[in-house]
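Participant:
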Amino acid sequence: MTTSPDPSPAAGVDRGPGGSGGSRGPAGSGGPAGSGGSAGPGVATVRRVLDRLGVHTVLGRDVVLAGVWALVTIVFLATLLAAGEFYGANRSIPTAQIVAVIVLALVQHVPLALRRVRPVTALLAVAVLQAALLAVLPTGLALWTAAPVVTAYTVATLRPTRAVLGVVLAAVGIEAVGAAVGASALVKDQLGAPAGLGEVGVVVEALALVASAVLINGVSAAVGSWVALRRAHDRDARARAAESVEHQATLTRAAVAAERTRMARELHDVAAHHLTGLVVQAGAAERLVDGDPERAKESLRSVRAQGRETLDALRSIVGILRETGDGPSGTVPVPGLGDVADLVDQARASGAVVDSHVDGTLPSLAPLADVTAYRTVQEALVNARRHAPGATVELRLRATAGSLVILVENDLPVARDSSGGGGFGLVGMRERADLVGGRLDTGATAEGQWRVRLELPVEAETDAGPPAPAVASAATPTVTPAATPGPGAGLAGGGAE
């Protein structure tokens, strides 16, 4: 339950049996004008006024509330006295009885100062004072101030339903005792009040007072419980909304991070492949410009071609990022295993010695695994050209029953070139492999070679795709395996076999 800083519904004055006017209206106006989450304009205004007066605490505000309701009660009782409605069934009652009623009605508001600090104590104290008030009221008059209504309402907004039910029943029980005492005139006789009703009238008045106690406390507690449930629902709705917003923000951050990683991989793969070729060709042209101008020009023409390929590749990436393309579907082609032959041709055109071999029938891969195979071969060839220029590179693709193994090996350089700095190629390859459930192993072998080995899982029932373009080894003519061609079948060649 949430703490309510607001005034509760006002109390009323009920005529009991034998009265002359039925029932009186409320002694003042009020109601649950605010909630734990937000307050109405009137409550906000009252708070601002109290703040300006230096009343900032809950206890201070409740003391002011008690004083206001006590003042309203004084005005209401004065109106009853002036109208002659205070005497109930008797037109003449002793002054002592009038004073007792007025004092008890006013003192009953004192516990209101503790309604949110000690709500249960405040309600029980008010019940005791209300019982005393019922015991001394003139016959035929049932007077209820704001105190029972406010305290019952406040307890219901601050305590669990079971606790509220027990406290309200206790309050009604206490007030029932006062009603019985008042109907029997045991205390009123001591104050010199006139003789009361007969036996039947006593029972009827006692039952009427008890019924009014049940009605006042029950309705007030029910309203308070409903307000508490509404506030709890509003709080939960706000919490769920905040949680949903945070969850959506988390998903957005994760999507942005994933997209950023994908962009970094694509840019690295394209830039590393093409720019490494540019660097190699530019270095060759620099060495040949004096001794062999014709070959230097050939290298420069290769640099220009590589530059154009780099621009085209970057345009493709930009098209992916902008989600637009030249095709009718708005997409750009994604490289795969069938394009590995082009990688081999490009590497050989840059002066690398690449021997390619295919063992078995290459399967068709899922799109993500397909591009993973392509990018792994691309990065391995780039690294070989960058770190071991002039070394022979052996590329082998081996298809088994449940996997595809890609093996790229090259001789280790005598002196490792560290001018290029640490890159992200191996990290990117490993992330791609993990993403498709594959396994990547890299490192130097005992034979003095650097090995990149990628193993990709292959589904059992997969039709072979169209054959890739044939690629001949730089050393010997192409030898096509006898098996049914699949993606990358044209990579067969046997310079090293």
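Under the numbering used here, the first residue of the sequence shown carries the number 1132, and numbering increases by one thereafter.
By construction, the Cβ of each residue, glycine as well, lies at the ideal position given by its N, Cα and C atoms.
#1: Hey, out of T1392, A1480, P1424, L1468, whose CA is closest to V1434's CA?
#2: I'd like to know whether the C-beta atoms of S1487 and L1526 end up nearer to each other than 8 Å.
#3: From this set, M1560, L1190, I1205, which residue's C-alpha is nearest L1499's C-alpha?
#4: For the 8 Å Cβ check, are there 3 or more pairs between the region 1296-1311 and the region 1363-1379?
#5: Between V1286 and G1355, which are expected to be in contact by the criterion C-beta below 8 Å, what is the C-beta distance as a whole number of angstroms?
#6: Quick one: complete beta strand (DSSP E) runs, 3+ long, within the region 1334-1364?
#7: Assuming I1347 contacts W1275 under a Cβ cut-off of 8 Å, what Cβ separation, rounded to an integer in Å, is found between them?
#8: Could you give the first and the last residue of the continuous alpha helix (DSSP H) run that contains E1590?
#9: Helix, strand or coil, according to DSSP, for E1578 in the structure here?
#10: Considering just the uninterrupted stretch of the alpha helix (DSSP H) at S1315, what are its terminal residues?
#11: Determine the extent of the alpha helix (DSSP H) in which I1670 is found, giving its start and end residues.
#12: Going by DSSP in three states, L1496 sits in which element: helix, strand or coil?
#13: With respect to the alpha helix (DSSP H) encompassing A1267, which residues constitute its N-terminal and C-terminal limits?
#14: Looking at the strands, I want to know which residues DSSP matches up with S1375.
#15: Just to confirm the assignment, what range does the alpha helix (DSSP H) spanning L1526 have?
#16: Just list the residues that DSSP pairs R1584 with in beta bridges.
#17: Does the beta-carbon of M1132 have 16 or more other beta-carbons within 10 angstroms, so that it is buried, or is it exposed?
#18: Should I1305 go down as buried or exposed, given a rule of 16 or more other Cβ atoms within 10 Å for buried?
#19: Quick check on R1249: buried or exposed, where buried means 16 or more other Cβ atoms within 10 Å of its Cβ?
#20: Can you give the Cα-Cα distance for A1201 and L1237, rounded to whole angstroms?
#21: Can you tell me whether DSSP reads H1488 as helix, strand or coil?
#22: Closest to E1440 by C-alpha separation, out of L1406, A1472, V1410, would be which residue?
#23: From L1468 to D1501, what distance separates their C-alpha atoms?
#24: Taking only three categories from DSSP, how would you classify L1184?
#25: Please work out which residues of its chain come closer than 6 Å, Cβ to Cβ, to G1568, disregarding the five sequence neighbours upstream and downstream, and give them in chain order.
#26: Please state whether DSSP places A1227 in a helix, a strand or coil.
#27: So, L1543 versus A1511, is the Cβ gap smaller than 8 Å?
#28: Just to check my reading of the structure: A1337 and A1370 have Cβ atoms closer than 8 Å, yes? What is that Cβ distance to the nearest angstrom?
#29: Between which two residues does the alpha helix (DSSP H) holding L1557 run?
#30: What three-state label does DSSP hand A1511 in the structure shown?
#31: Going by the CB atoms, is the gap between A1504 and L1538 shorter than 8 Å?
#32: Check whether the Cβ atoms of A1266 and V1333 lie closer than 8 Å to each other.
#33: Does DSSP classify D1367 as helix, strand or coil?
#34: Skipping 5 residues on each side, what residues in its chain have a beta carbon closer than 8 Å to that of T1392?
#35: Short of 8 Å in beta carbon distance, which residues of its chain neighbour N1541, apart from the five on each side in sequence? Order them along the chain.
#36: Drop a sphere of 10 angstroms on the beta-carbon of R1293, count the other beta-carbons inside from all chains shown, and report buried for 16 or more, exposed for fewer.
Facilitator: Based on what the coordinates show:
#1: Counting from one through the sequence shown, the residue named residue 1434 turns up at place 303. Per the Cα distances, A1480.
#2: The count along the sequence shown starts at 1 and reaches residue 1487 at position 356. The count along the sequence shown starts at 1 and reaches residue 1526 at position 395. Yes, Cβ-Cβ distance for S1487 and L1526 is below 8 Å.
#3: As a first step, residue 1499 must be located in the sequence shown, where it is residue number 368. Selected option, being the one with the closest Cα: M1560.
#4: Judged by Cβ distances under 8 Å, the region 1296-1311 makes no contact with the region 1363-1379, as fewer than three pairs qualify.
#5: The residue given as residue 1286 occupies position 155 in the sequence shown. The residue given as residue 1355 occupies position 224 in the sequence shown. Between the beta-carbon of V1286 and that of G1355 there is about 7 Å, and that keeps the pair under the 8 Å contact cut.
#6: Runs of the beta strand (DSSP E) inside the region 1334-1364: none found.
#7: Sequence index remark: in the sequence shown, residue 1347 carries index 216 (1-based). Sequence index remark: in the sequence shown, residue 1275 carries index 144 (1-based). At roughly 5 Å, the Cβ-Cβ gap stays under 8 Å, so I1347 and W1275 are in contact.
#8: As a first step, residue 1590 must be located in the sequence shown, where it is residue number 459. No alpha helix (DSSP H) contains E1590, which DSSP labels as neither H nor E.
#9: One-based indexing of the sequence shown puts residue 1578 at position 447. E1578: coil per DSSP, three-state reduction.
#10: For the purposes of this step, residue 1315 is identified with residue 184 of the sequence shown, where counting begins at 1. Start and end: 1292-1315.
#11: Residue 1670 lies beyond the stretch modelled for the chain, which goes from 1132 to 1628, so this question has no answer here.
#12: Position 365 of the sequence shown, counted from the start, is the residue given in the question as residue 1496. Residue state, collapsed to three classes: coil.
#13: For the purposes of this step, residue 1267 is taken as residue 136 along the sequence shown, with counting starting at 1. With the sequence shown as reference, residue 1267 is identified as Val, and Ala is not the correct amino acid for it. Going by DSSP, V1267 is part of the alpha helix (DSSP H) stretching over 1250-1267.
#14: In the sequence shown, counting from the first residue as 1, residue 1375 sits at position 244. None, per the DSSP bridge assignment.
#15: The count along the sequence shown starts at 1 and reaches residue 1526 at position 395. The continuous stretches of alpha helix (DSSP H) do not include L1526, which lies in the beta strand (DSSP E) extending over residues 1523-1530.
#16: Locating residue 1584 in the sequence shown gives position 453, counting from the first residue. The secondary-structure analysis by DSSP pairs R1584 across a beta bridge with L1538, D1572.
#17: As a position in the sequence shown, residue 1132 is number 1, starting the count at 1. Confidence at M1132 is low in this model, with a pLDDT of 37, below 50, so the placement of that residue should be treated as unreliable; the coordinate-derived value is given next. Under this definition M1132 is a buried residue.
#18: Residue 1305 sits at position 174 when you count from the first residue of the sequence shown. So I1305 counts as buried.
#19: Residue numbering aside, residue 1249 sits at position 118 when the sequence shown is read from its first letter. Exposed, by the Cβ-count rule.
#20: Position 70 of the sequence shown, counting from 1, holds the residue named residue 1201. Position 106 of the sequence shown, counting from 1, holds the residue named residue 1237. Our two residues, A1201 and L1237, have alpha carbons roughly 6 Å apart in a direct line.
#21: Within the sequence shown, numbered from 1, the residue matching residue 1488 stands at position 357. If DSSP states are grouped into helix, strand and coil, H1488 belongs with the strands.
#22: As a first step, residue 1440 is located in the sequence shown; it is residue number 309 there, counting from the start. Minimum Cα distance to E1440 is reached at L1406.
#23: To locate residue 1468, count along the sequence shown from 1; it is residue 337. To locate residue 1501, count along the sequence shown from 1; it is residue 370. The alpha-carbon atoms of L1468 and D1501 are separated by roughly 6 Å.
#24: For the purposes of this step, residue 1184 is taken as residue 53 along the sequence shown, with counting starting at 1. Here L1184 carries a coil assignment [DSSP, helix/strand/coil].
#25: Reading the sequence shown from its first residue, position 437 is the one you call residue 1568. Taking C-beta separations shorter than 6 Å and ignoring five residues to either side along the sequence, the partners of G1568 in its chain run P1588, following chain order.
#26: The residue you call residue 1227 lines up with position 96 of the sequence shown. Here DSSP, grouped into helix, strand and coil, assigns A1227 to helix.
#27: Working through the sequence shown from its first residue, we reach residue 1543 at position 412. Working through the sequence shown from its first residue, we reach residue 1511 at position 380. If you check the CB distance, L1543 and A1511 do not come in under 8 Å.
#28: On the sequence shown, residue 1337 is found 206 positions in, with the first residue counted as 1. On the sequence shown, residue 1370 is found 239 positions in, with the first residue counted as 1. Going by Cβ atoms, the distance from A1337 to A1370 rounds to 49 Å, so no, they are not a contact pair.
#29: In the sequence shown, counting from the first residue as 1, residue 1557 sits at position 426. L1557 -> alpha helix (DSSP H) spans 1556-1566.
#30: Here residue 1511 refers to the residue found at position 380 of the sequence shown. Shown here, A1511 sits in a helix according to DSSP, grouped into three states.
#31: On the sequence shown, residue 1538 is found 407 positions in, with the first residue counted as 1. On the sequence shown, residue 1504 is found 373 positions in, with the first residue counted as 1. Here L1538 is not near A1504, since their CB atoms are 8 Å or more apart.
#32: Here residue 1266 refers to the residue found at position 135 when the sequence shown is read from its first residue. Here residue 1333 refers to the residue found at position 202 when the sequence shown is read from its first residue. Contact flag unset, no.
#33: Residue 1367 sits at position 236 when you count from the first residue of the sequence shown. In the three-state scheme derived from DSSP, where H, G and I count as helix and E and B as strand, D1367 is classed as helix.
#34: The count along the sequence shown starts at 1 and reaches residue 1392 at position 261. Excluding sequence neighbours, T1392 sits near E1562.
#35: Your numbering for residue 1541 matches position 410 in the sequence shown. A1515, A1519, A1522, T1523, V1524, E1525, Q1580, W1581.
#36: Locating residue 1293 in the sequence shown gives position 162, where the first residue counts as 1. It counts as exposed.
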